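This is how it looks when you write it as structure tokens:
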């Protein structure tokens, strides 16, 4: 049982009213015709219990990257990143082509990681952030292929156990951050943690983990200002525009996980997430909005990639918006391994 003071004290009414029964993902019930389309499954990356990664920003706003530190970070985080990339690519190949081989590949990769208890050790805070991303990417990849039925019961049990171990590391860290009012209790990292833990909760039908993720979503909504901006992300100097997009992504994905389980999270707190979406669209159209508030020119992604705009795919499906659709059309892609590849549609 995962319940902490965080969960027990602020469970919102919408969560309490969630239908009782097996937790569902957006990919449950999607009709996939399985095929014999071949899939070349990569070998699993090398596994370890910990990731020795350190921050790579040099200024107080965490906006200026030290190239040498960033190169070291990329090297140390390469293995968990590759696992997430490999699994999400295979999961999307199953959804797109029905490839049974691709679904088997996801199981092969995640089961290998589960047998190794990969990256479940205690880590410095930057390592915990990697645990966030690894868990969200892996768990959502798993949710995409689980309905295929290709996994053996013992594989499902091992993978779900591994997810639960990772979720425990993540929740321990962020519960402590909330207790001490640390910086991790009010920014994008908490929202990514929520997505990771909620996805793990759905995978293991663990309502405590699912609820934890939903509360992280609610806490994210609490940070959205009247104009749609986020205070913590606005304080990121030249990266403020980027981090607004990066914070919005897991919030939309959390809303989608909630929707799959009968929770109308898009309407929570008077539709606060819509204010954030509107703000992000406006600053993509006119970065000067952020530059005037931060006092520095913004790093503007060009073209937009999956991490910047992938969240808009499920959003415009529910809430058609021509400006957003135009941004999607101009993007280089909408996949992002940290939320399991292609977003729900």
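In this note's numbering, the protein residues as written are 47 to 391.
The C-beta atom is built at its ideal place from N, Cα and C for all residues, glycine as well.
It should be emphasised that the depicted structure is a prediction, and the values quoted were computed from it without experimental measurement.
Quick one: residues in its chain with C-beta nearer than 7 angstroms to the C-beta of residue 205, no 5 flanking neighbours on either side, listed in chain order? So the list reads 156, 157, 160, 188, once near-sequence residues are dropped.
So which of 102, 152, 114 has the shortest CA-CA distance to residue 85? Residue 152 is the option with its Cα nearest to residue 85.
Alpha carbons only, please: which of 371, 248, 312, 179 is nearest the one belonging to residue 67? Closest by alpha carbon: 248.
Inter-residue spacing [alpha-carbon to alpha-carbon] between residue 139 and residue 220: Roughly 34 angstroms separates the two Cα atoms.
Spatial neighbours of residue 267 within its chain, please: CB distance less than 8 angstroms, with the 5 preceding and 5 following residues excluded, ordered by chain position. Residues of the same chain with a CB within less than 8 angstroms of the CB of residue 267, apart from the 5 flanking positions on each side, are 297, 314, 315, 318, 319 in chain order.
How about residue 366: is its Cβ closer than 7 angstroms to a heavy atom in the ligand MN? Of the ligands one can find in the structure shown there are none, so the ligand MN has no counterpart to examine.
Option in 218, 81, 226 with minimal Cα separation from residue 240: With distances taken between Cα atoms, residue 240 lies closest to 218.
Taking 8 angstroms as the CB-CB cut-off, is residue 374 touching chain B? Absent from the structure is chain B; it holds one protein chain and no more.
Does the separation of the CB atoms of residue 173 and residue 97 fall below 8 angstroms? Yes. Within cutoff.
Here's the rule I'm using: 16 or more other beta-carbon atoms within 10 Å means buried, otherwise exposed. How should residue 323 be labelled? By the 10 Å Cβ count, residue 323 comes out buried.
Residues bridged to residue 382 (per DSSP): Partner residues in the beta bridge of residue 382, as assigned by DSSP, are 387.
Using 8 angstroms as the Cβ pair cut-off and three pairs as the minimum, do the segment 193 to 209 and the segment 337 to 352 touch? In short, these stretches do not touch, since the Cβ pair count stays below three.
Classify residue 190: buried if its beta carbon has 16 or more other beta carbons within 10 angstroms, exposed otherwise. Buried is the call here.
Proximal residues to residue 353 (C-beta, below 8 angstroms), its chain only, five neighbours per side dropped: Only 291, 292, 295, 382, 384 meet the Cβ criterion.
Using DSSP bridges, identify the partner residues of residue 111. Bridge partners of residue 111: 103.
Quick one: grab the DSSP three-state call for residue 135. It is helical.
Count the other CB atoms within 10 Å of the CB of residue 92; is the residue buried (16 or more) or exposed (fewer)? So residue 92 counts as exposed.
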